[in-house]
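A.B. asks:
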Amino acid sequence: MLLEAALSINADLLVRMQTDYNIQVARKNDSLGEKLNNIKKLAAVF
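In structure tokens, the structure reads:
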């Protein structure tokens, strides 16, 4: 909210931008990718 007030930019936009960045970084993380693949394999059993 402080950034919204200081920059006159909607806080929702700033949060969405940060979330998009976090997702991009997470997708590039190899160890996270391995964990997600393991989860997919386990979920396929059910």
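Numbering of the sequence shown is given in the working numbering, commencing with residue 36 and proceeding in unit increments. Think of the CB as a built atom: it goes at the ideal place given N, C-alpha and C, for glycine as much as any other residue. Nothing here was measured: the structure is a model prediction, and the numbers come from that model.
Note the first and the last residue of the continuous alpha helix (DSSP H) segment covering S66.
C.D. replies: D65 to V80
A.B. asks: Out of curiosity, what's the CA-to-CA distance linking L77 and T54?
C.D. replies: 27 Å
A.B. asks: Can the beta-carbon of L48 be found closer than 8 Å to that of L38?
C.D. replies: no
A.B. asks: In three-state terms, what does DSSP make of M36?
C.D. replies: coil
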